[in-house]
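Inspection log for the structure reproduced underneath, given as structure tokens.
Numbering (this note's numbering), first residue to last: 3 to 381.
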């Protein structure tokens, strides 16, 4: 279903430890034994929602230290620094609430505690005098660091929104920018999760598996007629079927290729942990949300790692791919026109999927539109 691939080191900024001294927002100062993480189950991404000049990582830490309400995250990230406000093993006040979505309920299942007792959180600063692109990259690297430190994958990386439904971080509420963020994080983990692009089987008597995409590479093992394979990458005529494992495409029969789809359920699609209504709900997706389909079992589609949706509520569609050609950034708007509000920016050279066209405007996600003059169709 997916492959774990070993990877790379990250060049993260040094972490500045500036632990809170407020007994209100660092509750372990009141009772160390009670206010400790019971079992770490993941990392949560937040945004500060404070665009004021100077509202950087240090100032956010100072706000936590003097706030007259319960608020604290373990880390704050801006364009030039990472500030740690709480030790990882202590409880902060960042994902409590009166209502929890399926992921939040699963995290606290069997306890009377809030998700704060099971999750580390970090805040992304959005002060307008900072460089958002650098803050974004620093946040990617902090997420990589924490996931690697605790032997997690991107399956244990959450938005505040995933836990309580709060619109945080606002710029990643839509599934597309969130999945892009997770993909960037995944690229620097000690172990990557990769979904197969195609599935097939060997259709020759014996097939050599090589260390690279050429017959010049050494043979690592031999597959036999009928052996099932999953394909994660294609380079020329060669398929990558594992970590540094390649074979020639001419000797493979393809049985399934990754497909694109869109949710067609006006009441929202329940995403389950397995292919059946008896599996627990782990998420919900709104009508119109784009998805990728990696596997089909009966009437159920796998749309991610341990994420399945009922096939009758997902429409398979054909999409085109384009490349952003704007000089620097391309504005993403909530609808097909300049009268719609800007909701994001994407860099020159970014590849996008095109789901629909209205006049000169292209839909690249749920309620995400860009002007077609700045996108080159490549396939």
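Here a beta-carbon is modelled for each residue, glycine too, at the ideal position from N, C-alpha and C.
Suppose you measure from the CA of residue i to the CA of residue j; what does that come to, to the nearest Å?
i           : j           : result
residue 280 : residue 234 : 30 angstroms
residue 368 : residue 35  : 45 angstroms
residue 20  : residue 80  : 15 angstroms
residue 289 : residue 32  : 46 angstroms
residue 148 : residue 187 : 11 angstroms
residue 256 : residue 229 : 12 angstroms
residue 254 : residue 332 : 40 angstroms
residue 136 : residue 221 : 42 angstroms
residue 45  : residue 258 : 34 angstroms
residue 164 : residue 127 : 19 angstroms
residue 7   : residue 270 : Residue placement at residue 7 is flagged as unreliable, the pLDDT there being 49, under the threshold of 50; a coordinate-derived value is accordingly withheld.
residue 125 : residue 69  : 16 angstroms
residue 40  : residue 345 : 37 angstroms
Where does residue i fall in DSSP's three states?
i           : result
residue 407 : With the chain running from 3 to 381 in the structure shown, residue 407 is simply not present.
residue 201 : strand
residue 149 : helix
residue 113 : coil
residue 169 : coil
residue 137 : helix
residue 41  : coil
residue 253 : helix
residue 186 : helix
residue 77  : strand
residue 126 : strand
residue 17  : strand
residue 336 : coil
residue 22  : coil
residue 288 : coil
residue 317 : strand
Between the Cα of residue i and the Cα atoms of the options, which residue gives the shortest distance?
i           : options               : result
residue 243 : 278, 196, 217 and 288 : 196
residue 122 : 136, 133, 152 and 366 : 152
residue 274 : 24, 141, 37 and 103   : 103
residue 76  : 59, 379 and 182       : 59
residue 82  : 22, 39, 16 and 169    : 16
residue 387 : 381, 218, 30 and 179  : Residue 387 cannot be examined here, being either before or after the span of the chain that is shown, 3 to 381.
residue 167 : 226, 100 and 276      : 100
Contact defined as beta carbons within less than 8 angstroms: I believe residue i pairs with residue j. What is the distance between those atoms, to the nearest angstrom?
i           : j           : result
residue 313 : residue 301 : 5 angstroms
residue 191 : residue 14  : With 8 angstroms as the limit, residue 191 and residue 14 do not qualify as a contact, their Cβ atoms being about 13 angstroms apart.
residue 118 : residue 95  : 6 angstroms
residue 49  : residue 173 : 7 angstroms
residue 354 : residue 171 : Going by Cβ atoms, the distance from residue 354 to residue 171 rounds to 21 angstroms, so no, they are not a contact pair.
Shorter than 8 angstroms from the beta carbon of residue i to some beta carbon of chain D?
i           : result
residue 280 : No chain D appears in the structure shown, which is made up of a single protein chain.
Any contact of the segment 200-214 with the segment 243-251, i.e. 3+ C-beta pairs under 8 angstroms? yes
Meets three-Cβ-pair contact criterion under 8 angstroms: the segment 332-351 and the segment 296-308: no
At least three beta-carbon pairs within less than 8 angstroms, the segment 58-65 to the segment 99-110: no
Do three or more CB pairs link the segment 157-165 to the segment 82-90 at distances below 8 angstroms? no
Should the segment 312-322 be regarded as contacting the segment 256-263, the criterion being three or more beta carbon pairs within less than 8 angstroms? yes
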